[in-house]
Amino acid sequence: MTIIDLAIRTAREAGEILRDYAARGFQIESKGRNNLVTEADLASERHITAAIRGTFPAHHILAEESGGTLHSDLADDYYWIVDPLDGTTNFAHGFPCYAVSIGVEHKGRPVVGVIYDPSRDELYAAESGSGATRNGQPIQVSTIGSLDKSLLVSGFPYDVRERMDQYMPAWCEFLRHSQGVRRLGSAAIDMACVASGQMDGFWEQGLHAWDTAAGWILIEEAGGRVTKLDGSSFDNFSASLLCSNGLIHDEMLAVLRRLTAS
Ligand code: IPD
Ligand code: CA
Ligand code: CA
């Protein structure tokens, strides 16, 4: 079995687990004041990590609920980076906007990304050099060429209550200069929306590798651009992310630079 085949199969199976829990109910625990974890997160992660270990026992795994950090000294190896349920707050409240996100890196570069949205039965997949697809059909970023014609999406990290003053200025500026800014509650879905042209740009601070690993390659393979918020090269150690259809990227960077300068 190839890496992408396993990632696709496992993302679908994990999505099935999430759908089952959504239908029959689940226990919710709290990782912090506004940071939840459910039985479904844990069951999904157990399934995914067991499948990877069963097929590729030599590959490394970073999975959100198992903890651990990404090791740069393992950069020569294959690394599976897994968010078993991205959008837990939505899931816990019964709002059907969440996803399974599985990214695979080799030598520090993303080689495979799969995002599965079980509520809409939409599977996004990308492999380096082979383009990006949704349910097997090729997808591309949008062709919107200016920020004032764009629809943007963003999110807040879990420390938003403590750092609201830090996060809001970018929201105000992008609301001022675009056609709208949405907050969907799942970074993986946000990035899938940019890759498929439903959104034109996405920015967020305080993200983790498991939030972005799959979306990163999906957007690049769909023709978009992914950087840090300061425009420098993105990698999975980057907590800040700006991604777009490429055409509005410099305008978004200019907005962010004006904020940093002021
Ligand atoms: C969260 C979601 C959310 C984003 C947060 C993430 P989780 O992931 O992606 O959209 O704003 O920063 O932590 O906790 O639901 O897996
Ligand atoms: Ca997440
Ligand atoms: Ca998660």
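Counting from 0, one number per residue, gives the positions in the sequence shown under numbering that gives the first Met the number 0.
A virtual CB, placed ideally from N, CA and C, is assigned to each residue, including glycine.
Please read all numbers here as calculations on a predicted model, not as lab measurements.
Whether residue i touches residue j by CB criterion (9 Å)
| i | j | result |
| --- | --- | --- |
| glycine 337 | alanine 238 | As displayed, the chain neither begins before 0 nor continues past 261, which places residue 337 out of reach and without an answer. |
| glutamate 126 | leucine 84 | no |
| phenylalanine 155 | glutamate 203 | yes |
| serine 118 | arginine 18 | yes |
| isoleucine 247 | glycine 200 | yes |
| leucine 41 | glutamate 64 | yes |
| proline 137 | glutamate 219 | no |
| aspartate 210 | aspartate 116 | no |
| isoleucine 80 | alanine 194 | no |
Per-residue burial, residue i [other beta carbons within 10 Å of its own, 16 or more giving buried]
| i | result |
| --- | --- |
| phenylalanine 236 | exposed |
| leucine 183 | buried |
| threonine 259 | exposed |
| serine 29 | exposed |
| leucine 161 | With the sequence shown as reference, residue 161 is identified as glutamate, and leucine is not the correct amino acid for it. Result: exposed. |
| methionine 0 | exposed |
| serine 261 | exposed |
| aspartate 147 | exposed |
| cysteine 192 | buried |
| serine 145 | exposed |
Cα-Cα separation between residue i and residue j, rounded to whole angstroms
| i | j | result |
| --- | --- | --- |
| arginine 224 | leucine 217 | 10 Å |
| proline 56 | asparagine 34 | 31 Å |
| aspartate 76 | glutamine 178 | 43 Å |
| methionine 251 | threonine 87 | 28 Å |
| valine 113 | leucine 61 | 15 Å |
| alanine 253 | phenylalanine 25 | 44 Å |
| arginine 32 | tyrosine 157 | 9 Å |
| glycine 230 | alanine 22 | 42 Å |
| alanine 91 | isoleucine 27 | 7 Å |
| cysteine 242 | glycine 205 | 15 Å |
For residue i, three-class secondary structure by DSSP
| i | result |
| --- | --- |
| histidine 176 | helix |
| alanine 221 | coil |
| aspartate 40 | helix |
| arginine 181 | strand |
| threonine 132 | strand |
| aspartate 85 | strand |
| aspartate 249 | helix |
| aspartate 76 | coil |
| arginine 8 | helix |
| lysine 148 | helix |
| proline 109 | strand |
| serine 65 | helix |
| phenylalanine 25 | coil |
Proximity test, Cβ basis, 9 Å: residue i and chain B
| i | result |
| --- | --- |
| arginine 257 | Absent from the structure is chain B; it holds one protein chain and no more. |
Task: At least three beta-carbon pairs within less than 8 Å, the region 224 to 234 to the region 128 to 139 - done: no
Open item on the list: I'd like to know if the region 6 to 22 and the region 88 to 108 are in contact, where contact means that at least 3 CB-CB pairs between them fall below 8 Å.
Closed with: yes
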